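What follows is one structure encoded as structure tokens, with my remarks underneath.
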Amino acid sequence: MKICFIGAGSVVFTRNLLKDLSLFPEFKDLEIVLMDIDPERLEVAKKIAEEIKETKKLKWSIKSYLEMKEAIKGSSYVINTVQIGGKEATYVDFDISEKYGLRQTIGDTHGIGGIMRFLRTAPFFKELVRNIEEYAPNSLLINFTNPMSMNQWFINEISNIKNIGLCHSIPYTIEQLASYIDVSVEEINYKVAGINHMAWVLVFERKGENLYPYLFKAMEKKEICKKDSVRFEILRRFHYFVTESSEHNAEYFPYFLRDNDLIEKLNIPIREYIRRVEENEKVFEAFKNYYLRNIKEEYNLIKRFYGDDNTDTSKEYAVQIIHAYETNESKQVYGIVRNKGIIENYPYDCMVEVPCYVDRNGISPLYIGKIPDQLASLNIMQINVQRLAVRGAIESNKDYIYYAALLDPVASSLLSPEKIHKLVDELLEAHKKYLGDMFERK
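If you count the sequence shown from 1, position 174 lands on 174 in UniProt numbering, and the numbers rise without skipping.
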């Protein structure tokens, strides 16, 4: 069985998934293929794979490629973790937006930052799915690249390949909630549904007892509330807890980034993703120094951020899915899939994040029914933006990018229509090298 990692230079993701694979006896004999356009990052990823193989005494065949086609050929699974534009493009999204008066915290999912990240990534996905169609037509594409909803919508519009989008925000959110109410996470029964990074904890129980009253009580404790101030404010107003994080959700709603006093009160970290980018650079330097330069002391930094335990699985669903496919042992995961009526009061063709059962027959999303109207309304604000951005990319029509930006709840709460147009123009010009001929026709 051949498993291909596209964007293997995202070494933390690659390391976690390879460690997960190494824990299953069924996966002792695999063909692991790593692909990245950055030779240095690719070499680090290969060293990590070889270390895991040696430590676990596995029979893996490990190959690395700088070119996508050869890497994908004959794969059973293609795992994508690519980020197009990296640090440079991220700074552009933040700096140009701030020039117009639009502040961001993360900028990778919704809003102006999410739209631009999607547009940079769309040409890559077009190439990726064409290669899968030609060289691995029966494979499953497992996508981790944000903005998840727009990327998955784009993939499903341009191709019929088997695919699923994955995110770890739901299990992390449930762990956080368990800690807030001092209950073991193993005791909690939960059901979550919505859109990626903005899904809703609909069921939160222990042995049939609703745990939401305990969460509302926890919210009133300052020491707990300040840990997750934006999400608790959303809980206070809309009566359900939302996934991902407070720093993410601060830029999904029109309330938080327009008010300096509220930013200070809720401790909203403006430019948080820039801080993470710089931290990730330091961590990669540590990986590089350890694996390529044999500076053993650097492992302390790696261990501080990511641990060195080789016995626990990560909270990523990818390897669970592969195991379920290969062994027919049914597993439940959360995935980003096309709605098709799963959530009745959401658009039929949008992308939703819902529980899915996986076995040899494939991925079967669980029917949800109707979600409370206030939650659906919040999600549909973002779904409308996603639809327009995806249409703009597919039709090479810049007008739809303007429409998407004008409808973004944060941009429209802070900027005039004229400023939004100018912001979009300047960002598209700055990202031109990633867009190819996307908007040359209009």
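Where a beta carbon is used, it is the ideal one built from N, C-alpha and C, also for glycine. Since we're looking at a predicted model, the values are computed, not measured.
In the structure shown, residue 161 falls within a coil segment according to DSSP collapsed to helix, strand and coil.
Unbroken beta strand (DSSP E) runs of no fewer than 3 residues, entirely contained in the segment 344 to 373, are found at 351 to 359, 362 to 365, following chain order. Per DSSP, the continuous beta strand (DSSP E) segment holding residue 65 begins and ends at 61 to 65. Non-local beta-carbon contacts of residue 123 in its own chain, meaning distances under 6 angstroms to residues more than five positions away in sequence, involve 436 in chain order.
Look at residue 240 here: in three-state DSSP terms it is coil, with no helix or strand label. The C-beta distance from residue 102 to residue 423 rounds to 7 angstroms, short enough to meet the 8 angstroms contact threshold. Between residue 404 and residue 112, the CB-CB gap reaches or exceeds 7 angstroms. Between the alpha carbons of residue 312 and residue 50 lies a gap of roughly 19 angstroms. Listed in chain order, the alpha helix (DSSP H) elements of length 4 or more contained wholly in the segment 386 to 428 are 398 to 407, 411 to 414. Among the bridge pairs identified by DSSP, residue 104 is matched with none.
Among the bridge pairs identified by DSSP, residue 433 is matched with none. When the alpha-carbon of residue 238 is set against those of 201, 7, 90, 66, the nearest one is in 201. DSSP places residue 133 in the helix class (H, G or I) of the three-state scheme. The residue from 428, 106, 322, 224 with its alpha-carbon nearest to that of residue 20 is 322. By the Cβ-count criterion, residue 366 is exposed, with fewer than 16 other Cβ atoms from all chains shown falling within 10 Å of its own Cβ.
Boundaries of the alpha helix (DSSP H) harbouring residue 318: 318 to 327, taken from the DSSP string. Here residue 331 is near residue 358, since their CB atoms are less than 7 angstroms apart. For the pair residue 165 and residue 148, the Cα-to-Cα distance works out to about 7 angstroms.
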